[in-house]
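Engineer: The listed protein sequences correspond, in order, to chains F and B. Numbering follows the working numbering, in which position 77 of the first sequence is assigned residue number 77; successive positions increment by one, without gaps. Numbering follows the working numbering, in which position 186 of the second sequence is assigned residue number 186; successive positions increment by one, without gaps. We put the CB at the ideal spot given by N, CA and C, even for glycine.
There are 2 protein chains.
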Amino acid sequence: MTITIVGIGLIGGSMGIGLLESGFAKKIIGVDKREEHLNKALRRKIIDEAMDLDAAMAVSDVVIIATPVDTIIDIVPMVLNRVDKQVVLDVGSTKKALLDTIADHPKRKRFVATHPMAGTEFSGPEAAIPDLFTDKCTVICNEEDSDVDAVKVVKDLYTALKMNILHLEAAAHDVHAAYVSHISHITSFALALTVLEKEKDEARIFDMASGGFSSTVRLAKSNPKMWVPIFKQNRDNVLDVLDEHISVLSQFRSLLIKNNFDTFEELICKANEIERILNNE
Amino acid sequence: MTITIVGIGLIGGSMGIGLLESGFAKKIIGVDKREEHLNKALRRKIIDEAMDLDAAMAVSDVVIIATPVDTIIDIVPMVLNRVDKQVVLDVGSTKKALLDTIADHPKRKRFVATHPMAGTEFSGPEAAIPDLFTDKCTVICNEEDSDVDAVKVVKDLYTALKMNILHLEAAAHDVHAAYVSHISHITSFALALTVLEKEKDEARIFDMASGGFSSTVRLAKSNPKMWVPIFKQNRDNVLDVLDEHISVLSQFRSLLIKNNFDTFEELICKANEIERILNNE
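#1: If F:I65 sits next to F:V76, beta carbons under 8 Å apart, how far is it from one beta carbon to the other, in whole angstroms?
#2: Using the rule of at least 16 other Cβ atoms within 10 Å of the residue's Cβ for burial, across every protein chain shown, is F:E143 buried or exposed?
#3: Which two residues bound the contiguous beta strand (DSSP E) that contains F:G30?
#4: For B:S184, count neighbouring C-beta atoms within 10 Å of its own C-beta (all shown protein chains included) and say buried if the count is 16 or more, exposed if not.
#5: For B:C141, list the residues DSSP reports as bridge partners.
#6: Does the CB of B:P224 have a neighbour CB from chain F at under 8 Å?
#7: Are the CB atoms of B:T114 and B:I73 within a distance shorter than 8 Å?
#8: Spatial neighbours of B:V153 within its chain, please: CB distance less than 7 Å, with the 5 preceding and 5 following residues excluded, ordered by chain position.
#9: What does F:H167 touch in chain B if you count any residue whose Cβ is under 9 Å from its own?
#10: Tell me whether F:R276 is buried or exposed, calling it buried when 16 or more other Cβ atoms sit within 10 Å of its Cβ.
#11: Kindly indicate if chain F contains any beta-carbon less than 8 Å away from that of B:S123.
#12: Since F:I186 meets chain B, which of its residues come closer than 8 Å, beta carbon to beta carbon?
#13: For the segment 142-214 of chain F, list the beta strand (DSSP E) runs that are entirely contained and at least 3 residues long, ordered along the chain.
#14: Could you tell me the alpha carbon to alpha carbon distance between B:I274 and B:D135, rounded to whole angstroms?
#15: The beta strand (DSSP E) with F:D90 in it runs from where to where?
#16: Would B:E21 pass as an interface residue toward chain F - the criterion being a Cβ-Cβ separation below 8 Å?
#17: Is B:E281 helix, strand or coil by DSSP?
#18: Consult DSSP for F:I230 and reduce its assignment to one of helix, strand or coil.
#19: Taking all protein chains shown into account, decide if F:E30 is buried (16 or more other Cβ within 10 angstroms of its Cβ) or exposed.
#20: So that I know if they touch, is there some Cβ in chain F lying closer than 8 Å to that of B:R235?
#21: Below 6 Å CB to CB, which residues in the same chain sit around F:L53 once its five sequence neighbours on both sides are set aside?
#22: Once the 5 residues before and after F:R44 are set aside, which same chain residues still bring their CB inside 6 Å of it?
#23: With DSSP as the reference, label B:A66 as helix, strand or coil.
#24: Is there a Cβ of chain B sitting closer than 8 Å to that of F:F231, yes or no?
#25: For my contact list, B:N237 and B:V139 are in at a C-beta cut-off of 8 Å; report their separation, rounded to the angstrom.
#26: Of all Cβ atoms in chain B, is any one closer than 8 Å to the Cβ of F:E244?
#27: If you drop the 5 nearest sequence neighbours on each side, which residues of the same chain put their C-beta closer than 7 Å to that of B:N39?
#28: So the candidates are F:S254, F:F252, F:T71, F:I28; which of them puts its Cα closest to the Cα of F:A97?
#29: Alpha carbon to alpha carbon, how far is B:I129 from F:N260? Give it in angstroms, no decimals.
#30: Measuring alpha carbon to alpha carbon, tell me which residue in B:T194, B:K270, B:N234 is nearest F:K200.
#31: Could you list which residues in chain F have their beta carbon closer than 7 Å to that of B:Y179, in chain order?
#32: Give the DSSP-derived three-state secondary structure of F:T94 in the structure shown.
#33: Could you check where the beta strand (DSSP E) with F:T2 kicks off and where it finishes?
Okay, here's the thing in structure tokens:
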């Protein structure tokens with residue numbers, strides 16, 4: 001199978017590596033407006049060839065759109081305009097805005113909306129790694145709106161990447177993504193800013209930053225060009241979760257003010273239940 | 001050198017392993033009110049022998065207090081009451097309350113206040129690991145209040161554990177610890193609670209929890225018996241940092257409400273500067 005990947009960054013690049021290594025793809029074609037990304041991807045053998053979109057689509061069975069979500073929403077209709085029998089999928093972190101945009105597109109059924117839940121805080125083809133997706137979950141949204149053969153190809157593709165497949169309606173996906181991915185990034189950004197602000201007065205504060213700190217602020221290194229469009233498209237859900245999160249933090253604050261450490265301990269015991277969930281991952 | 005460790009948990013146990021392996025200690029004696037901790041530590045050869053405090057002190061050169069901070073504050077004066085020439089140190093995450101408590105103790109100078117900045121979200125002797133401290137920082141507080149020979153032994157001990165030594169005044173330590181350690185735990189606990197609350201309605205929300213989520217809530221597994229006393233003793237500093245953190249989150253919230261994504265992006269770019277700090281670690 002020949003597969004075109006539009007956007008050879010962390011996700012697109014890692015898919016290229018995984019799909020070639022698994023044998024699912026015979027050939028990977030890269031499309032990216034940034035020439036240096038294509039050159040890096042060719043050098044690292046993440047892609048076999050770089051082409052422009054029209055040339056790439058003419059020889060491809062599958063087209064994967066792996067750009068930031070603000071450009072996915074422009075690129076998917078453009079790709080569908082050119083589709084003959086190819087299968088098109090995106091891998092963006094928001095789903096409803098995109099599916100609303102293409103709802104009436106005559107080639108809608110050749111498109112499958114997906115979200116492989118994997119990533120790191122790094123970006124670009126230099127960040128692409130094998131096995132990024134192994135044993136992680138991927139979501140397929142509204143599969144009833146896609147052709148059966150297109151859904152089958154996409155399922156086989158994710159199975160080749162060793163991912164577990166979940167099915168969700170697009171709006172539900174966006175709520176869940178706000179809870180288990182988008183809010184984590186906001187708390188990391190906020191924690192980084194809180195501590196960086198303090199550093200202005202106390203230059204040596206980071207000398208004592210320990211492992212716990214690194215893991216909670218790791219995501220604060222994430223690329224704004226990828227994340228701002230996500231927060232924009234998923235604004236309402238992110239706002240709901242952020243409100244709840246601020247309210248829990250305010251509860252901790254109020255317990256500290258009142259010196260109510262018994263309730264504080266009860267809350268921590270409840271929070272400990274997260275272990276059960278993380279161990280199931 | 002014979003070293004007694006009071007409290008054979010994650011930190012005490014890992015120190016036992018590291019001090020034996022480095023050759024700094026010829027013998028490690030464990031003191032712990034929980035018999036099962038002593039048994040596990042003996043089985044894992046983290047300690048050579050279990051004794052009661054009096055017997056242990058009689059044959060030891062160094063006594064390390066590695067219990068939760070609420071008991072450190074009781075145990076240190078008790079140990080100092082029995083001190084002859086031994087060096088006593090604690091490894092707790094708060095320093096000012098303890099040093100205020102023992103300020104006038106006649107044996108104050110045999111005590112060195114320290115805080116090795118290392119740990120994991122696990123606890124108990126089963127969580128003890130070699131190299132927990134390697135290349136991490138440890139803080140020594142108010143060393144001018146300790147005997148020169150006692151400070152030298154403690155510095156040699158941490159050098160044997162391959163730690164970098166920082167010197168801070170106790171109150172400054174507690175402020176810094178609130179920023180780079182204590183607040184990370186509160187945000188993790190709060191994030192875990194936010195998402196667990198949602199899970200009540202949406203049982204499958206965690207199927208899609210990805211790597212980013214795990215790293216931000218990892219600390220939410222931390223033991224309340226260790227952490228509540230830290231928040232209690234460092235309440236004022238933790239409250240200050242928590243207020244600032246809630247205020248940054250509220251700023252993100254306000255930008256979302258106003259659809260001001262330009263400023264949102266500027267804040268993320270600022271947060272990205274945390275990379276510089278984490279890479280220095």
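Structural biologist: Per the coordinate set shown:
#1: Position 65 of the first sequence, counting from 1, holds the residue named residue 65 of chain F. Position 76 of the first sequence, counting from 1, holds the residue named residue 76 of chain F. With 8 Å as the limit, F:I65 and F:V76 qualify as a contact, their Cβ atoms being about 6 Å apart.
#2: Numbered from its first residue, the first sequence carries residue 143 of chain F at position 143. Label assigned to F:E143: buried.
#3: Start at 1 with the first residue of the first sequence, and residue 30 of chain F comes out as number 30. From DSSP, the beta strand (DSSP E) with F:G30 extends over 27-31.
#4: Taking the first residue of the second sequence as position 1, residue 184 of chain B is located at position 184. With 16 or more other Cβ atoms within 10 Å, it is buried.
#5: Position 141 of the second sequence, counting from 1, holds the residue named residue 141 of chain B. In DSSP, B:C141 forms a bridge with B:A113, B:L168.
#6: Here residue 224 of chain B refers to the residue found at position 224 when the second sequence is read from its first residue. With 8 Å as the cut-off, B:P224 counts as an interface residue toward chain F.
#7: Position 73 of the second sequence, counting from 1, holds the residue named residue 73 of chain B. Position 114 of the second sequence, counting from 1, holds the residue named residue 114 of chain B. No; because the gap between Cβ atoms is not below 8 Å, this pair is not in contact.
#8: As a working note, residue 153 of chain B is residue 153 in the second sequence. Excluding positions up to five away in sequence, the list reads V62, V87.
#9: The residue labelled residue 167 of chain F in the question sits at position 167 within the first sequence. What F:H167 touches in chain B: nothing, since even the nearest Cβ is about 10 Å away.
#10: For the purposes of this step, residue 276 of chain F is taken as the residue at position 276 of the first sequence. With fewer than 16 Cβ atoms within 10 Å of its Cβ, F:R276 is classed as exposed.
#11: In the second sequence, the residue the question calls residue 123 of chain B occupies position 123. Answer no: the Cβ-Cβ gap between B:S123 and chain F never drops below 8 Å.
#12: Stepping through the first sequence from its first residue, residue 186 of chain F is reached at position 186. Near F:I186 (Cβ distances below 8 Å), the residues of chain B are L249, F252.
#13: 164-168
#14: Looking up residue 274 of chain B in the second sequence gives position 274. Looking up residue 135 of chain B in the second sequence gives position 135. So the alpha carbons of these two residues sit roughly 19 Å apart.
#15: Indexing the first sequence from 1 puts residue 90 of chain F at position 90. DSSP places F:D90 inside the beta strand (DSSP E), whose first and last residues are 87-90.
#16: Within the second sequence, residue 21 of chain B is the residue found at index 21, counting from 1. By this cut-off, B:E21 is not an interface position.
#17: Start at 1 with the first residue of the second sequence, and residue 281 of chain B comes out as number 281. No answer about B:E281 holds up, because its pLDDT of 46 lies below 50 and its placement is not dependable.
#18: Within the first sequence, the letter at position 230 stands for residue 230 of chain F. It is helical.
#19: Residue numbering aside, residue 30 of chain F sits at position 30 when the first sequence is read from its first letter. The amino acid occupying residue 30 of chain F in the given sequence is Gly; Glu does not appear at that position. Under this definition F:G30 is a buried residue.
#20: Position 235 of the second sequence, counted from the first residue, corresponds to residue 235 of chain B. Yes, B:R235 counts as interfacial toward chain F.
#21: Counting from one through the first sequence, the residue named residue 53 of chain F turns up at place 53. Contacts found: V31.
#22: Taking the first residue of the first sequence as 1, we reach residue 44 of chain F at position 44. So no residue of the chain qualifies.
#23: By one-based count along the second sequence, residue 66 of chain B stands at place 66. It is coil, neither helix nor strand.
#24: Translated into the one-based positions of the first sequence, residue 231 of chain F becomes position 231. Closer than 8 Å to some Cβ of chain B, the Cβ of F:F231 qualifies, so yes.
#25: Here residue 237 of chain B is taken as the residue at index 237 of the second sequence, counted from 1. Here residue 139 of chain B is taken as the residue at index 139 of the second sequence, counted from 1. 15 Å between Cβ atoms; not a contact.
#26: The residue given as residue 244 of chain F occupies position 244 in the first sequence. Taking 8 Å as the CB threshold, F:E244 lines the interface with chain B.
#27: For this step, residue 39 of chain B is matched to residue 39 along the second sequence. Closer than 7 Å at Cβ, skipping near neighbours: no residue.
#28: Here the question's residue 97 of chain F lines up with position 97 in the first sequence. Selected option, being the one with the closest Cα: F:T71.
#29: Along the first sequence, one-based indexing puts residue 260 of chain F at 260. Along the second sequence, one-based indexing puts residue 129 of chain B at 129. Put simply, the backbone Cα of F:N260 is about 34 Å away from that of B:I129.
#30: Taking the first sequence and counting its residues from 1, one reaches residue 200 of chain F at position 200. If we check each option's Cα against that of F:K200, B:K270 comes out closest.
#31: Here residue 179 of chain B refers to the residue found at position 179 of the second sequence. Those within 7 Å of B:Y179 in chain F are V195, K198, I205.
#32: The residue given as residue 94 of chain F occupies position 94 in the first sequence. Correct three-state label for F:T94: coil.
#33: For the purposes of this step, residue 2 of chain F is identified with residue 2 of the first sequence, where counting begins at 1. Here the beta strand (DSSP E) through F:T2 covers 2-6.
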